[in-house]
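Here my numbering is used: the first residue of the sequence shown is 1, the next is one more, and so on. Here the structure is laid out as structure tokens; the discussion comes afterwards.
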Amino acid sequence: MLAQEIIRKRRLREKLAPEDIRDFVCGMTTGDVSGAQIAAFCMATCLQPMMTEERAALTRAMAESGTCIDWSRYTLDGPVLDKHSTGGVGDKTSLIVAPIVAACGAYVPMIAGRSLGHTGGTLDKLDAIPGYVTRPALDSAIAVVRDARCAIFGATSQIAPADRRMYEIRDVTATIASPDLITASILSKKIAAGVQGLVLDVKTGSGAFMEVEADSVQLAESLVRTALSSGIKCTALVTDMNQCLGQNAGAALEIVEVAAFLRGDARDPRMMEVVLALSADLLVLGGLADNIDSGRDLAAACLNDGRAAAAFESMVAHMGGPSDFLSKADRALEKAPVIRPVLPPSEAVVEEINVRALGFAIVELGGGRRAPGDIIDPAVGLEHVAGIGESVGGASQRPLCLIHARTQSAAEKAEARILSAFDLGPVGTSVTVPDLIRSRVRDV
Ligand code: URA
Numbered sequence: 001m002l003a004q005e006i007i008r009k010r011r012l013r014e015k016l017a018p019e020d021i022r023d024f025v026c027g028m029t030t031g032d033v034s035g036a037q038i039a040a041f042c043m044a045t046c047l048q049p050m051m052t053e054e055r056a057a058l059t060r061a062m063a064e065s066g067t068c069i070d071w072s073r074y075t076l077d078g079p080v081l082d083k084h085s086t087g088g089v090g091d092k093t094s095l096i097v098a099p100i101v102a103a104c105g106a107y108v109p110m111i112a113g114r115s116l117g118h119t120g121g122t123l124d125k126l127d128a129i130p131g132y133v134t135r136p137a138l139d140s141a142i143a144v145v146r147d148a149r150c151a152i153f154g155a156t157s158q159i160a161p162a163d164r165r166m167y168e169i170r171d172v173t174a175t176i177a178s179p180d181l182i183t184a185s186i187l188s189k190k191i192a193a194g195v196q197g198l199v200l201d202v203k204t205g206s207g208a209f210m211e212v213e214a215d216s217v218q219l220a221e222s223l224v225r226t227a228l229s230s231g232i233k234c235t236a237l238v239t240d241m242n243q244c245l246g247q248n249a250g251a252a253l254e255i256v257e258v259a260a261f262l263r264g265d266a267r268d269p270r271m272m273e274v275v276l277a278l279s280a281d282l283l284v285l286g287g288l289a290d291n292i293d294s295g296r297d298l299a300a301a302c303l304n305d306g307r308a309a310a311a312f313e314s315m316v317a318h319m320g321g322p323s324d325f326l327s328k329a330d331r332a333l334e335k336a337p338v339i340r341p342v343l344p345p346s347e348a349v350v351e352e353i354n355v356r357a358l359g360f361a362i363v364e365l366g367g368g369r370r371a372p373g374d375i376i377d378p379a380v381g382l383e384h385v386a387g388i389g390e391s392v393g394g395a396s397q398r399p400l401c402l403i404h405a406r407t408q409s410a411a412e413k414a415e416a417r418i419l420s421a422f423d424l425g426p427v428g429t430s431v432t433v434p435d436l437i438r439s440r441v442r443d444v
């Protein structure tokens, strides 16, 4: 069918046959379908949701637009598992969950993304580690997964090339926020990576792409339903993004926090909760734990006895980074020349946080991209970000956060943004901290 006929049917919400969707996706990859046609298809899909079968067909066609890794060619002694987050601020859990499940006996080929909008991307964080190659050739990434059990890397041109083309067009045509297109984009790369079990962390709140919880649940259901119909065992947790996850946001600062977490020096309790919940679900999906409780115990044991730390170090070394990175992390990572505390005008309690604004403050500091080719400054970001319900200012001088910036003037601009991102109440205000894990989506 002609591309324009396919777009017309999408615009009218007439059901497309899988062959038509496959032809369109094939044309996206070969270049026979133009950028304008892809943009029209995406906009029609934002306005006219797909039917379940259409979404599954789009996902599969995008996965099959490139190489799909066949792990049965190798004799692996464990399941192939992965975790994916829809993105937030300070969300560094992939960097901890991947080595935990690898240390528990899984293989983890984790295809991660770059920062998007106000959210930080796992690949940009790993780029802060000197020597770590975030875009290895696919064969090298496969070799690292086989040897180290775990590799976090970017999609090469062989993995779901149709997604790469469509994603670039979505980014500049305001067509990111479609559950159908997000589902196909995320899952096509997971299918191509040959993943057998997947746990999804679907964020909700002021720092998430889906701010309204009902929309996040809808996205979680779309992802789980499509993953299951594609033969991937899958569970999604809908988790809170109304505050920074953990203490730090910004590439190198997040790696410092991950290193301290893995070493056992400092473990933010909310981050611990999300890490254990995601790991437990993944271990159950992979048959490495009988139930959620034993999965949590196994994950906690791996963290506490250092096996997860060793798995992380092994991955970093195999990917070109320093050996025994965790002991060197603080010295190996670049530091910003200016560190400035942001103090509230008077003693107060944090009532609410506009996390999206915090994310954009980091982008302004140079820690995110304004345009596609921008280089990220790994050293800048926010440290010790206060959470909802915390007391700040006053005699304790607890700041809202510490800004890490390249220049004094960049720090001053960020300070103004950060002050307006926090809603503060008088001392003694009783504040309800939003629940961290909102719901769990399994059999849909
Ligand atoms: N991450 C992806 O890989 N694709 C999307 O569409 C959104 C987030």
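A virtual CB, placed ideally from N, CA and C, is assigned to each residue, including glycine.
L436 is a Cβ neighbour of R270, given a cutoff of 7 Å. In the DSSP assignment, P341 forms a beta bridge with L402.
A distance below 7 Å between beta-carbons, with the five flanking residues on each side excluded, links A63 to the following residues of its chain, in chain order: A160, S188, I191 and A192. Here DSSP, grouped into helix, strand and coil, assigns Y107 to strand.
From the listed residues I186, D215, G117 and Q196, the smallest Cα separation to V172 is found for G117. Counting the other Cβ atoms within 10 Å of the Cβ of E14 gives fewer than 16, which makes it exposed. In this structure, the alpha-carbon of V212 lies about 6 Å from that of G205. In this structure, DSSP gives H318 a helical state, which the three-state scheme calls helix.
Here the alpha carbon of A208 sits roughly 22 Å from the alpha carbon of I152.
The beta carbon of F312 sits closer than 6 Å to the beta carbons of P99 and L262 from its chain, once the five residues preceding and following it are set aside; these are given in chain order. Taking the C-beta atoms as reference points, L283 is found nearer than 7 Å to L298.
In this structure the stretch 230 to 250 touches the stretch 385 to 393; the number of beta carbon pairs closer than 8 Å is three or more.
Here the distance from the Cβ of I169 to the nearest heavy atom of the ligand URA is not below 6 Å. For R22, no beta strand (DSSP E) segment is defined; the enclosing uninterrupted segment is the alpha helix (DSSP H) at P18 to T30. Residue pairing of I152 in beta bridges, as defined by DSSP: M110. Three or more Cβ pairs closer than 8 Å define a contact, and the stretch 172 to 186 falls short of that threshold against the stretch 132 to 152.
Under the 8 Å Cβ criterion, the stretch 425 to 432 does not count as touching the stretch 223 to 241, having fewer than three qualifying pairs. When distances are taken from the beta-carbon of I21 to the heavy atoms of the ligand URA, even the shortest one reaches 6 Å or more. The residues A128, A252, I255 and V256, in chain order, have a CB closer than 7 Å to that of L333 in the same chain once the five nearest residues on each side in sequence are set aside.
Taken from the Cβ of I159, every heavy atom of the ligand URA lies 6 Å or farther away.
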